[in-house]
Amino acid sequence: MSDDRRVAVTGLGLVTAIGHTVPAVWASLLAGRSGIRALTQPELATNTVLAGATIDPGALDPLLPPALRRADRAVKFAAETARQALTEARCLPGSAERPQEIAVIAGSGCGPTEALHATFGRFAEKGPRGMRPSSIPSCMANTMAAALSIEYGLTGTNYTVVSACTSSTNAIGIGFRMIRDGHAEAVLCVGADSSFPPFYYAMWNNLGVLSAIAESGRALRPFDTGRAGTLLGEGGGALVLESFASARRRGATIRGEVAGYGESSDATHLTGPSVAGQARAIRRALASARVSPVDIGYINAHGTGTEANDATEAQAVRDALGADCDRIPVGAMKSFFGHTLGASGIIEAIGTLLALEHRLAPRNLNLDQPDPACAVQLIGPGPCPLDRSLALKNSFGFGGGNAVLVLRRDS
Amino acid sequence: MSRQEILQRLVTVIADSSSAPIAAADVTEATSLMSFGVDSLILIDLIFDIEQEFGVKLAAEELTAMRAMGDLVGHLEKRVTT
């Protein structure tokens, strides 16, 4: 494929419970440090599950542009990750090498939950008189992409994908297609979610999918026989996409490649996953990248730690990849980050790119007894060397959406 | 309503609109309105909140033309009491 159509990643950004920069997150992944802790906020105290991976947003405030210091929490995560990625890619306003026009595609499961919580509270207290004029711009689902476009002068298109846990994977997939097909010169892909505003956390708590295992650091156990559900996290990720030709012309460092993208819908159930739908997305991703299962050297699983997800995903991977499943190491990162919902795809995709860069995949935390129903080659208690340049990143969401990326990093 | 009472209520409104920690004791009629870090988005909320609090109409141009808290207090004193 020509360099005009190959899609390079030239900037990365992360804000998570295990680090507020890309190097810090990688160090935590390698060291096996989870961000999941007991939740001690008084406003969450009446929930039945009190564990998750939280971030102190105050730590970000000194880094944020003044206009965004009052912004919604998820918008702050997005803004800081965008700043990191745009800085690395030399795409900040004023940079001489900056592409003429940069688009921004954001992904978020529920958008500005903190602003929504505050607005609901004002409505409950004051009724319509409490709805300030800024309520709409603060609470609209696309506020994240809009804020980044304005703050960083990004004059390509801007919009926000809202598709549950596939949101930011979809955002990367859309950005990939925009570059590959010549619709954009550069795309900032971002994902962010804030899971702990009280109304939002309570909805997840009452859905019955959170792990009630008492010891918080052991409670999220993807693919383990003793898994009992997921736990929420919060944070964001960002990456800058452009063609290889553009990256080389600008002298940008290429951190990896988005080589393919596949998506599908189960069309069966709002919350129940489907082997057939997931396998279809994996096959489409491979076809999009024009590669075969034998080329894949690592799978970064959706791996939520719920009974249904992990068994379904393992079967879908086996159906799509066949006998290569006995060889390909599979890792899940939600036991580090918590389930960051719409942001999980991009956070874990960046984790995947880092694994390819270092040729080393982080361990699976809390995998004491691999579930025999999950018949894939699960990474054990230590980091796993990788011997190929291609990896899959799976994301599956409520609503039946499936999204899979093929990521590459050549030696 | 006395000027002092208007000033106190304004401090509460501005602190709420701007989400800024403002100590009432530090604000006098000489305090600059610019000192509260009011940007364009906060401005529209602030006008809305002042209108709700004092039951008056206030145009953005009127507020942005004022320099000190005393100007706003005087403006409201006339509208609220007449």
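Residue numbers (the numbering used here), protein chains in the order written: chain A, -16 to 394; chain B, 15 to 96.
For each residue, glycine too, the CB sits at the ideal point set by N, CA and C.
Next item on the list: Could you check which residue in A221/A, A197/A, E26/A and R73/A has the C-alpha nearest to that of I330/A?
Entry: A221/A
Checklist line | Secondary structure of P368/A, DSSP reduced to three states | finding: strand
Next item on the list: Determine contact between the segment 289 to 297 of chain A and the segment 344 to 359 of chain A, defined as no fewer than three beta-carbon pairs at a distance below 8 Å.
Entry: yes
Notebook entry, point to check: Are the Cβ atoms of R163/A and R(-12)/A separated by less than 8 Å?
Noted result: yes
Next item on the list: Please confirm if D40/B has its CB atom under 8 Å from at least one CB of chain A.
Entry: no
Margin query: 8 Å is my cut-off, CB to CB: does I58/B come that close to chain A?
Written below: yes
Next item on the list: On a CA-only basis, which of L390/A, Q352/A and A(-9)/A is nearest V170/A? Give me that one, please.
Entry: A(-9)/A
Notebook entry, point to check: Nearest to F379/A by alpha carbon, out of C367/A, R310/A and T287/A?
Noted result: T287/A
Notebook entry, point to check: Could you give the distance in angstroms between the alpha-carbon of N347/A and the alpha-carbon of S117/A?
Noted result: 44 Å
Margin query: Residues of the segment 66 to 84 of chain B in Cβ contact with chain A at a cutoff of 8 Å, in chain order, please.
Written below: Q66
Item checked: Interface residues of chain B facing P120/A [CB-CB closer than 9 Å] -> L55
Next item on the list: Spell out whether any CB of chain A is found under 8 Å from the CB atom of S33/B.
Entry: yes
Next item on the list: List the residues of chain B that A98/A touches, going by C-beta distances under 7 Å, in chain order.
Entry: The premise fails here: A98/A is roughly 12 Å from chain B at the closest Cβ pair, so nothing lies under 7 Å.
Next item on the list: Quick one: grab the DSSP three-state call for D48/A.
Entry: Correcting the residue identity first, residue 48/A is Pro in this sequence and not Asp. Of the three classes helix, strand and coil, the one that applies to P48/A here is coil, per DSSP.
Next item on the list: Give, in chain order, every residue of the segment 38 to 55 of chain A whose Cβ lies closer than 7 Å to some Cβ of chain B.
Entry: A50 and R53
Notebook entry, point to check: Where do the N-terminal and C-terminal ends of the beta strand (DSSP E) with P312/A fall, by residue?
Noted result: P312 to G314
Checklist line | Near the ligand SAM: T78/B beta-carbon under 7 Å from a heavy atom | finding: Of ligands this structure carries none, so the ligand SAM is not represented either.
Margin query: Please list, in chain order, the chain A residues whose beta carbon lies closer than 8 Å to that of F62/B.
Written below: R115 and P116
Note to self: Applying the 10 Å Cβ sphere with the 16-neighbour rule, what's the burial state of N189/A?
What the structure shows: exposed
Checklist line | Partners in chain B for R402/A, counting only beta-carbon separations shorter than 7 Å | finding: No answer is possible for residue 402/A: the residues shown for chain A start at -16 and end at 394.
Note to self: Please report the straight-line C-alpha distance between G90/A and L86/B, rounded to a whole angstrom.
What the structure shows: 43 Å
Note to self: Using 8 Å as the threshold, is the C-beta distance between G174/A and S150/A below it?
What the structure shows: yes
Note to self: Quick check: the Cα distance between T126/A and G255/A, rounded to an integer number of angstroms?
What the structure shows: 30 Å
Next item on the list: State the DSSP-derived secondary structure class of G2/A, mapped to helix, strand or coil.
Entry: strand
Notebook entry, point to check: Among V25/B, L90/B and D53/B, which one has its Cα closest to the Cα of R52/A?
Noted result: D53/B
Checklist line | Reduced DSSP secondary structure (H/G/I, E/B, other) of A98/A | finding: helix
Item checked: Supposed contact pair A54/A and A130/A - C-beta distance, whole angstroms, cut 8 Å -> 6 Å
Check: Going by other Cβ atoms of all chains shown within 10 Å of its Cβ, with 16 needed for buried, is M316/A buried or exposed?
Finding: buried
Notebook entry, point to check: Which one or two residues does DSSP pair with G384/A in a beta bridge?
Noted result: S248/A and G380/A
Checklist line | Backbone CA spacing between L324/A and S178/A [nearest angstrom] | finding: 8 Å
Next item on the list: For my contact list, E412/A and R56/A are in at a C-beta cut-off of 8 Å; report their separation, rounded to the angstrom.
Entry: In the structure as shown, chain A starts at -16 and stops at 394, and residue 412/A therefore has no counterpart that could be examined.
Checklist line | Inter-residue Cα distance where the pair is S16/B and R23/B | finding: 11 Å
Note to self: Can you find the residues in the same chain that come closer than 8 Å, C-beta to C-beta, to G363/A, ignoring five residues on each side of it along the sequence?
What the structure shows: R346, N347 and L350
Check: How is C172/A classed by DSSP in three states: helix, strand or coil?
Finding: strand
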